[in-house]
Each structure stands twice: as C-alpha cells, then as structure tokens.
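Trainee:
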Amino acid sequence: MAAPLRLGSALALVTGAGSGIGRAVSVRLAREGAAVAACDLDGAAARETVRLLGGPGSEKGAPRGAHAAFQADVSEAGAARRLLEQVQACFSRPPSVVVSCAGITRDEFLLHMSEDDWDKVIAVNLKGIFLVTQAAAQALVSSGCHGSIINISSIVGKVGNLGQTNYSASKAGVIGLTHTVARELGRHGIRCNSVLPGFIATPMTQKVPQKVLDKVTGMIPMGHLGTPEDVADVVAFLASGDSGYITGASVEVTGGLFM
Ligand SMILES: CCCCCCCCCCCCC[C@@H](O)CC(=O)SCCNC(=O)CCNC(=O)[C@H](O)C(C)(C)COP(=O)(O)OP(=O)(O)OC[C@H]1O[C@@H](n2cnc3c(N)ncnc32)[C@H](O)[C@@H]1OP(=O)(O)O
Ligand SMILES: NC(=O)c1ccc[n+]([C@@H]2O[C@H](COP(=O)([O-])OP(=O)(O)OC[C@H]3O[C@@H](n4cnc5c(N)ncnc54)[C@H](O)[C@@H]3O)[C@@H](O)[C@H]2O)c1
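According to my numbering, the sequence shown holds residues 178 to 436 in order.
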C-alpha cells in the first residue's frame, strides 16, 4: 500500500544518505512527498541515492521540489555550515525535516582502544550531529519556520556494548543532546527526537564478527535483524505531523532487544 503523502510540503535534509539507514530514510521521505537533500561524506553515494529518488543529482540548481545531493563531512564545522547554506541556496528555504544518520564505528576493547579511534567516532557521531543540528536550527529559528529534527542514536547508547566504548558514548551523547535541543527549541515549534535502532542489516553491521552476530541475534525476541526500512518507517512518523506532540523522545527499533 502506498505511503500517505504526509510530507508534501517538506524539505528534508538527510545526512549519511549514501548508504544503509540514511538511504532508506531518503527513499521513504521522498515517497511521502518530501523534497530530499541527500548529504554524505561520499558524494557519489549521495548522488546515487538521489538517482534512486528519481530526481536530478546536481548539487546546484535543482528546481524547487526536486531532490539534490550534497557532499559534506558533518564532523567539520565549516562543512556543516556550508552544507546548510548550499541547501538553502538550492531550495530557497531551510530544511523543515533534518535526519542525522551519518555515523561510523571504530570498534575495539577499552584496553586497546586508541585515542584516534575515540576521537574520530565522537567527532562524527556526536559532534557531527551537534554541528548539523545547530546550523539547521539557526536557519529555522531565524526564518520563523517550524521543524522536526530526528537524530539516529543506537540501543547501545542505552545499554553499552562490548568493544564500543567510543561508539556507545557517542550514542548516549546523542540522546542527551536530543533532550536538550527538545527543551530549548520546543517554543520555536521545532521538535527533536532520537531513534535507537538495534542490529540493522547494513554495511555497518557487515563488519561485525559472525560469532557476535549469531550471539546477539539469538537474544532478539523477534529473532532476526531489522532492516533499514524498519527504521525509516519510524523516522517518517517522527518527521510528520502524526507525531506533532512528540519531542524529546527516544524510540527503540530493536525487535525487542534490550527492551
Ligand atoms: C552475552 C552477549 C551480550 C550481547 C550484547 C551485544 C549487544 C550488541 C547490540 C548491538 C546493536 C546495535 C549496534 C549498532 O549501533 C550498530 C553497530 O554498532 S554495529 C557494530 C557493533 N559492534 C560490536 O558489537 C563489536 C563486535 N566485536 C568486535 O568487533 C571485535 O570483537 C573487537 C571488539 C574488535 C575485538 O576483536 P578481537 O579479535 O580482539 O576479539 P574477538 O572478536 O575474538 O572477541 C573476543 C570475545 O569477545 C566476544 N565479543 C566481542 N564483541 C562482542 C559483543 N559485542 N557482544 C558479545 N560478545 C562479544 C567474542 O564473541 C569473543 O568471544 P569468545 O572468546 O567466546 O569467542
Ligand atoms: N546498522 C545498525 O545496526 C545501526 C544500529 C543503530 C544505529 N545505527 C546508526 O545508524 C546510522 C546509519 O548507519 P548505517 O547502518 O546505515 O551505516 P552505513 O555505514 O551503511 O551508512 C553510514 C553513512 O554515513 C556516511 N558518513 C560517515 N561519516 C560521515 C561524515 N563524517 N559525514 C557525512 N557522512 C558520513 C557514510 O559515508 C555512510 O554513507 C549511523 O549513525 C549508525 O551509528 C546503525
């Protein structure tokens, strides 16, 4: 059954749009009528996502309502600022939906984790969301526009995980950031929520040792990994007016893992 066009007037900025959950989110929001600004560190992957949406992949000059691809490293302050400038120049308005999916892992046990493994994961997964959220919020507040910000955390931000001191800390930080943004921006009509996926079948989880995947899958009450579309369904709800009185929430999409 076709998804309802709940986002017909929305412009959605999706980071990490070149793969996995970000690509599925881009497809789903477009299917519900949104114009999508698909951003990724990998510009070619972002353009491939836009191609899948059926719109021109140019980074400039996309006509209003079409989709467009943007290349940016969200962990770099100037790049995040320029990203929002480029999106507004391309679409003549700030994005009313902002979905931060960009993320990385550098897994290692605490006793052996390098400072660089820590720094890089915190920079992308936490500072990147701070930078994009701040730039988007500044644009929305200065233009008096309402909005919905959705940050992709992880269930391990709630419960931790072996080998992920850096990653679980970054994802716990995303939850705290989301709570504060929700408190500060509610009066501006801007909502901010977190989504906490469990194990989702994407390139990120393909790097997990099979013995670990087998171990964890056996712990999932629904008995299988989730799909990127399972996450995109929840993101579309949080992006739409159907969640109009929800802000500061953390929505778990885990098949019941660690409920
Ligand atoms: C009792 C079971 C507890 C299960 C809790 C796990 C919950 C995980 C939920 C995650 C869902 C969300 C994830 C999402 O946000 C997306 C991602 O982050 S995907 C990446 C997730 N990463 C991991 O889970 C880490 C996986 N582990 C590794 O990559 C490696 O083990 C590494 C940390 C790099 C260390 O490698 P090394 O070669 O040094 O050691 P081994 O791989 O041989 O591991 C040694 C033993 O530890 C066991 N192990 C390792 N990681 C985990 C883990 N996450 N959960 C449970 N057990 C783990 C591994 O099986 C070995 O056990 P054994 O000696 O019995 O073979
Ligand atoms: N797959 C899972 O099981 C799972 C579970 C919980 C949370 N998450 C989170 O969901 C989000 C998406 O993960 P995924 O599984 O789709 O992974 P993925 O690796 O398939 O996609 C991540 C995307 O982010 C992009 N990216 C990485 N660093 C970037 C940067 N600095 N700037 C811009 N883009 C950057 C990558 O190029 C890639 O396209 C991540 O934040 C991840 O932590 C994933």
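For every residue, glycine included, the Cβ atom is placed at its ideal position computed from N, Cα and C.
Apply the 10 Å Cβ neighbour rule to Val336 and answer buried if 16 or more other Cβ atoms are within range, or exposed otherwise.
Mentor: The residue given as residue 336 occupies position 159 in the sequence shown. Val336 comes out exposed.
Trainee: Do the region 365-372 and the region 389-405 meet, that is, are 3 or more Cβ pairs less than 8 angstroms apart?
Mentor: The region 365-372 is not in contact with the region 389-405.
Trainee: For the beta strand (DSSP E) containing Glu292, name the first residue and the last one.
Mentor: For the purposes of this step, residue 292 is taken as residue 115 along the sequence shown, with counting starting at 1. From DSSP, Glu292 is part of no beta strand (DSSP E) but of the alpha helix (DSSP H) over 292-299.
Trainee: Just checking Met381 against ligand 2 - is the residue's beta carbon closer than 6 angstroms to any of the ligand's heavy atoms?
Mentor: In the sequence shown, the residue the question calls residue 381 occupies position 204. Yes, since a heavy atom of ligand 2 falls inside the 6 angstroms radius drawn around the Cβ of Met381.
Trainee: According to DSSP, what are the bridge partners of Val372?
Mentor: Within the sequence shown, the letter at position 195 stands for residue 372. Per DSSP, Ile329, Val428.
Trainee: Can you give the Cα-Cα distance for Thr382 and Ala246, rounded to whole angstroms?
Mentor: Numbered from 1 along the sequence shown, position 205 holds the residue referred to as residue 382. Numbered from 1 along the sequence shown, position 69 holds the residue referred to as residue 246. Roughly 25 angstroms between the two C-alpha positions.
Trainee: Less than 6 angstroms between C-beta atoms, sequence neighbours within five positions excluded: which residues of the same chain meet that for Val227?
Mentor: In the sequence shown, counting from the first residue as 1, residue 227 sits at position 50. Closer than 6 angstroms at the Cβ level, and outside the excluded window around Val227, lie Ala215, Gly234, His244, Ala246.
Trainee: Grouping DSSP H, G and I as helix and E and B as strand, with all else coil, what is Ala279?
Mentor: Here residue 279 refers to the residue found at position 102 when the sequence shown is read from its first residue. Coil, per DSSP.
Trainee: Can you list, in chain order, the stretches of the alpha helix (DSSP H) that have 4 or more residues and sit fully within the region 335-361?
Mentor: With a minimum length of 4 residues, no continuous alpha helix (DSSP H) run stays inside the region 335-361.
Trainee: Nearest by alpha-carbon distance to Ala187: which of Ala212, Val202, Val318 is it?
Mentor: To locate residue 187, count along the sequence shown from 1; it is residue 10. Of the candidates Ala212, Val202, Val318, the one whose C-alpha sits nearest the C-alpha of Ala187 is Ala212.
Trainee: Given a cut-off of 7 angstroms, decide if Ser347 and Pro271 are closer than it, judged by their beta-carbon atoms.
Mentor: In the sequence shown, the residue the question calls residue 271 occupies position 94. In the sequence shown, the residue the question calls residue 347 occupies position 170. It is not a contact, given that the beta carbons lie outside the stated cut-off.
Trainee: The beta strand (DSSP E) spanning Val411 covers which residue range?
Mentor: Here residue 411 refers to the residue found at position 234 of the sequence shown. Segment 405-416 is the alpha helix (DSSP H) holding Val411; no beta strand (DSSP E) there.
Trainee: Got a sec, what are the start and stop residues for the beta strand (DSSP E) Val191 sits in?
Mentor: The residue labelled residue 191 in the question sits at position 14 within the sequence shown. 188-192 is the span of the beta strand (DSSP E), which, as asked, contains Val191.
Trainee: Per DSSP, which one or two residues make a beta bridge with Ala246?
Mentor: In the sequence shown, counting from the first residue as 1, residue 246 sits at position 69. Ala246 pairs with Ala215.
Trainee: Note down, in chain order, each residue of its chain lying with its Cβ closer than 6 angstroms to the Cβ of Ala249, except the 5 sequence neighbours on either side.
Mentor: Residue 249 sits at position 72 when you count from the first residue of the sequence shown. Excluding residues within five positions, the ones whose Cβ falls inside 6 angstroms are Cys216, Ala256, Leu260.
Trainee: What are the residues that DSSP puts in a beta bridge with Glu285?
Mentor: For the purposes of this step, residue 285 is taken as residue 108 along the sequence shown, with counting starting at 1. Glu285 pairs with Gln341.
Trainee: Which of the three DSSP states, helix, strand or coil, is assigned to Leu182?
Mentor: On the sequence shown, position 5 is the one that residue 182 refers to. Three-state DSSP puts Leu182 in coil, outside helix and strand.
Trainee: With 16 as the cutoff for other CB atoms within 10 Å, does Tyr422 come out buried or exposed?
Mentor: The residue given as residue 422 occupies position 245 in the sequence shown. It counts as exposed.
Trainee: In the DSSP assignment, find the alpha helix (DSSP H) that holds Ala201 and state where it starts and stops.
Mentor: Here residue 201 is taken as the residue at index 24 of the sequence shown, counted from 1. Note, Ala201: alpha helix (DSSP H), 197-208.
Trainee: What's the call for Gly375, buried or exposed, on a 16-neighbour Cβ count within 10 Å?
Mentor: Working through the sequence shown from its first residue, we reach residue 375 at position 198. By the 10 Å Cβ count, Gly375 comes out buried.
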